[in-house]
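> First residue of the sequence shown: 26, per the working numbering; consecutive thereafter. Think of the CB as a built atom: it goes at the ideal place given N, C-alpha and C, for glycine as much as any other residue. Take this structure, written in structure tokens, and hold onto it; I'll ask about it next.
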Amino acid sequence: MQASIIAKTHAGVKSAVTLFVTGWFIAAMAFEFDGEKWPGAETEFYFALEGTSGTGILWNTAFREALLDWNEATDFNYILREESRDPCLSDSLNGVDFTEDVCGTEFGEQTLAVTLTSYRAQLLGPPRIIETDIVINQGQTLDIFDGNLQQFGVRFDGIDFRRIALHELGHALGLNHEPSAAAMMAATVGNLDRLTADDIAGVNALYGGLSNCNVRVLSYGRISDSLAAGDCTVNELTLGGSDDSFIDVYSFELVETTTVQFEMASTGLDSVLILADSKLQYLDFDDKQSGSCSSSLSQTLGPGSYFILANTFDEPVQEACGTTGAYELTASFSSSRTPSLGNGTSLNGGSSSAGFSAGITADNGNSFGNRFSASESLDLDVSIDIDPLHVGQPGFLIIAAVVDGEILLLNQQGQFINYSQNPAQLIRAASKVLDATEELAVLTDFVPAEVGIDSIIVDFFIGYGVDSDPAEVYFHQTPLNLIVIP
Ligand SMILES: [Zn+2]
Numbered sequence: 026m027q028a029s030i031i032a033k034t035h036a037g038v039k040s041a042v043t044l045f046v047t048g049w050f051i052a053a054m055a056f057e058f059d060g061e062k063w064p065g066a067e068t069e070f071y072f073a074l075e076g077t078s079g080t081g082i083l084w085n086t087a088f089r090e091a092l093l094d095w096n097e098a099t100d101f102n103y104i105l106r107e108e109s110r111d112p113c114l115s116d117s118l119n120g121v122d123f124t125e126d127v128c129g130t131e132f133g134e135q136t137l138a139v140t141l142t143s144y145r146a147q148l149l150g151p152p153r154i155i156e157t158d159i160v161i162n163q164g165q166t167l168d169i170f171d172g173n174l175q176q177f178g179v180r181f182d183g184i185d186f187r188r189i190a191l192h193e194l195g196h197a198l199g200l201n202h203e204p205s206a207a208a209m210m211a212a213t214v215g216n217l218d219r220l221t222a223d224d225i226a227g228v229n230a231l232y233g234g235l236s237n238c239n240v241r242v243l244s245y246g247r248i249s250d251s252l253a254a255g256d257c258t259v260n261e262l263t264l265g266g267s268d269d270s271f272i273d274v275y276s277f278e279l280v281e282t283t284t285v286q287f288e289m290a291s292t293g294l295d296s297v298l299i300l301a302d303s304k305l306q307y308l309d310f311d312d313k314q315s316g317s318c319s320s321s322l323s324q325t326l327g328p329g330s331y332f333i334l335a336n337t338f339d340e341p342v343q344e345a346c347g348t349t350g351a352y353e354l355t356a357s358f359s360s361s362r363t364p365s366l367g368n369g370t371s372l373n374g375g376s377s378s379a380g381f382s383a384g385i386t387a388d389n390g391n392s393f394g395n396r397f398s399a400s401e402s403l404d405l406d407v408s409i410d411i412d413p414l415h416v417g418q419p420g421f422l423i424i425a426a427v428v429d430g431e432i433l434l435l436n437q438q439g440q441f442i443n444y445s446q447n448p449a450q451l452i453r454a455a456s457k458v459l460d461a462t463e464e465l466a467v468l469t470d471f472v473p474a475e476v477g478i479d480s481i482i483v484d485f486f487i488g489y490g491v492d493s494d495p496a497e498v499y500f501h502q503t504p505l506n507l508i509v510i511p
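What follows is the structure, given as structure tokens:
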């Protein structure tokens, strides 16, 4: 985030719209863009051009081909809507038409077409595009043909419309004029009739910000990390603007409505937390807990993919806090279903089709979460769908609890015992012939405060094995986290 907190804070809520006009003219690897782009690298475009060119091709067919050319060559996706929309209406719909002027202003004598684009400021990076419309100068003589322009020849009557459409659609997705390389985005129309490597590289760079950053999958619980030299910057993520503050990017998925809560705690880093959807549209942010360098935010979100961004400022806003340093990100959730425990894995590399499910509840299964107070009464029930190849074999269940890097294993008396990490001494929660579904109550009416626990962070893992391969344990990749707070 950039230095002035007021500017940053207001950027998130400001709805000022800026309109830019880009024309293409007859006559005049370093693609050009300012970073303004469509969220999610896609937008709907409406088109229903009437009439046919001198060479017998419908104008609308050529426009459709131009949309598809950008789609096929680049990471951007135009969603085609074959309906007419007035390009001069400010209606949040992208349209195209032949017009006698630029929505009330005269076309320049040499102007073939004009793209009108509206932007809206956002929390991070350059403004996003919210509408783009194309008006084509109906006073120009146009045709549709490949190859060199033959403005003054007899074979074709006018300038090729298809390359005009390609060029204007390049503006519509965020490209500027390319002054040096061979490109459809050159400032003047020429003999090029197809997109070039420079055009394609420009789009893929403009929309490739997420691939510049290391996106990590969020685990609920506590993550210790830092913002420091070598980390991704806002500039690299958003591609545009001048914000070179460091940013860590975490992704998470929700399968149902879930309340998520994040805390970014630091003693020396000016913490900024930002919640975004899968298109990097910013949903919420917090840049300060009063009197500290930490931040927190909580939101109830529907099913979908999201990012939580751990960020700071270009220059510190709070004198006591800096722009690099260590932080602890604590992530918690509450929902009516048990959390995903990720894909299956195993201790020694064996594969299985086992499924694992478990959740911690303080209200008898009405809701599940990972953050509870020490005085709440907690239940943890686990269920394992055993791999069919293992059903009916003598085997065992393993319940592990990782606390401060120490591994504890549940014994058959219901106690967690420090594990020596010697596979020959695996402590079993149960020894039995394996059924298709194995269930185990790990915690029942467990009140942490009653056993002297005021605060603790635990990652549980659930696993099983078969006696014929006693050092192998099948379990899950994502820990089941528990945070107990006073
Ligand atoms: Zn142009």
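Could you please give the first and the last residue of the uninterrupted beta strand (DSSP E) stretch that includes H501?
Segment Y499 to H501, the beta strand (DSSP E) holding H501.
> Comparing C-alpha positions only, which one of S249, L105, D224 and G183 sits nearest to E353?
S249
> Could you check which residue in P413, S251, G350 and F271 has the C-alpha nearest to that of C257?
F271
> Do the stretch 421-434 and the stretch 388-397 make contact, defined as three or more Cβ pairs closer than 8 Å?
no
> Of the choices L300, G81 and M210, whose alpha-carbon is the least far from that of F277?
Taking F277 as reference, the option from L300, G81 and M210 with the minimal CA-CA separation is L300.
> Say whether the stretch 374-387 touches the stretch 304-315, bearing in mind that this needs 3 or more beta-carbon pairs closer than 8 Å, one atom from each stretch.
no
> Using a Cβ-Cβ cut-off of 8 Å (strictly less than) and excluding sequence neighbours within five positions of I184, which residues of its own chain qualify?
I51, L137, Q165, T166, L167, D168, L174, Q176 and V214
> Say whether the stretch 403-415 touches the stretch 455-475, bearing in mind that this needs 3 or more beta-carbon pairs closer than 8 Å, one atom from each stretch.
yes
> Nearest to M289 by alpha carbon, out of D273, D302 and S303?
D273
> By the three-class DSSP mapping on this structure, what secondary structure does G8 have?
Look at the range of the chain in this structure, 26 to 511, and you will see that residue 8 is not part of it.
> Can you have a look at I442 and say buried or exposed, based on whether 16 or more other CB atoms are within 10 angstroms of its CB?
exposed
> For G120, tell me which candidate among Y331, E131, F132 and L105 has the shortest Cα-Cα distance.
L105
> Would DSSP call F70 helix, strand or coil?
strand
> What's the gap between the Cα of F72 and the Cα of N85?
7 Å
> Which ranges would you report for the alpha helix (DSSP H) in the stretch 253-295 if only whole runs of at least 4 residues count?
List check, alpha helix (DSSP H) in window: 259-263.
> Short check: CB of Y232 to CB of F101, under 7 Å?
yes
> Taking the straight line between their C-alpha atoms, what separation do you get for F70 and Y245?
40 Å
> Please name the residue in E67, I432 and A351 whose C-alpha comes closest to that of C318.
Closest option to C318, Cα to Cα, is A351.
> Would you report the Cα separation of S371 and A335, rounded to the nearest angstrom?
31 Å
> How about V228 and T99: do their beta carbons lie closer than 7 Å?
yes
> In this structure, what does DSSP give as the bridge partners for T386?
D404
> Suppose you measure from the CA of E67 to the CA of Q163; what does that come to, to the nearest Å?
Near 28 Å, if we compare the C-alpha coordinates of Q163 and E67.
> Can you tell me whether DSSP reads F421 as helix, strand or coil?
Reduced to three states, the DSSP call for F421 is strand.
> Is it buried or exposed, N506, if we count other Cβ atoms within 10 angstroms and call 16 or more buried?
buried
> Tell me whether the beta-carbon of I487 lies closer than 7 Å to the beta-carbon of F381.
yes
> Within 10 angstroms of the Cβ of R241, are there 16 or more other Cβ atoms? Answer buried if so, exposed if not.
exposed
> Taking the continuous alpha helix (DSSP H) assigned at F186, which residues delimit it?
F186 to A197
> Thinking just about the alpha-carbon of each residue, which of L366, I510 and A474 is nearest to the one in F485?
L366
> By Cβ distance below 7 Å, which residues in the same chain neighbour Q306 in space, the five residues on each side in sequence not counted?
P64
> Hey, how far is the Cα of P495 from the Cα of L459?
14 Å
> Let me know the secondary structure DSSP gives I225 once reduced to three states.
DSSP places I225 within a helical segment (H, G or I) once states are collapsed to three.
> Taking 7 Å as the cut-off, decide whether the C-beta atoms of L322 and D302 are in contact.
At the C-beta level, L322 and D302 stay beyond 7 Å of one another.
> Thinking just about the alpha-carbon of each residue, which of G76, P504 and S143 is nearest to the one in G369?
P504
> Within a Cβ cutoff of 8 Å, which residues of the same chain sit near L83, ignoring the five residues on either side of it in sequence?
L74, G76 and T77
> What is the rounded straight-line gap between the Cα of G477 and the Cα of Q418?
40 Å
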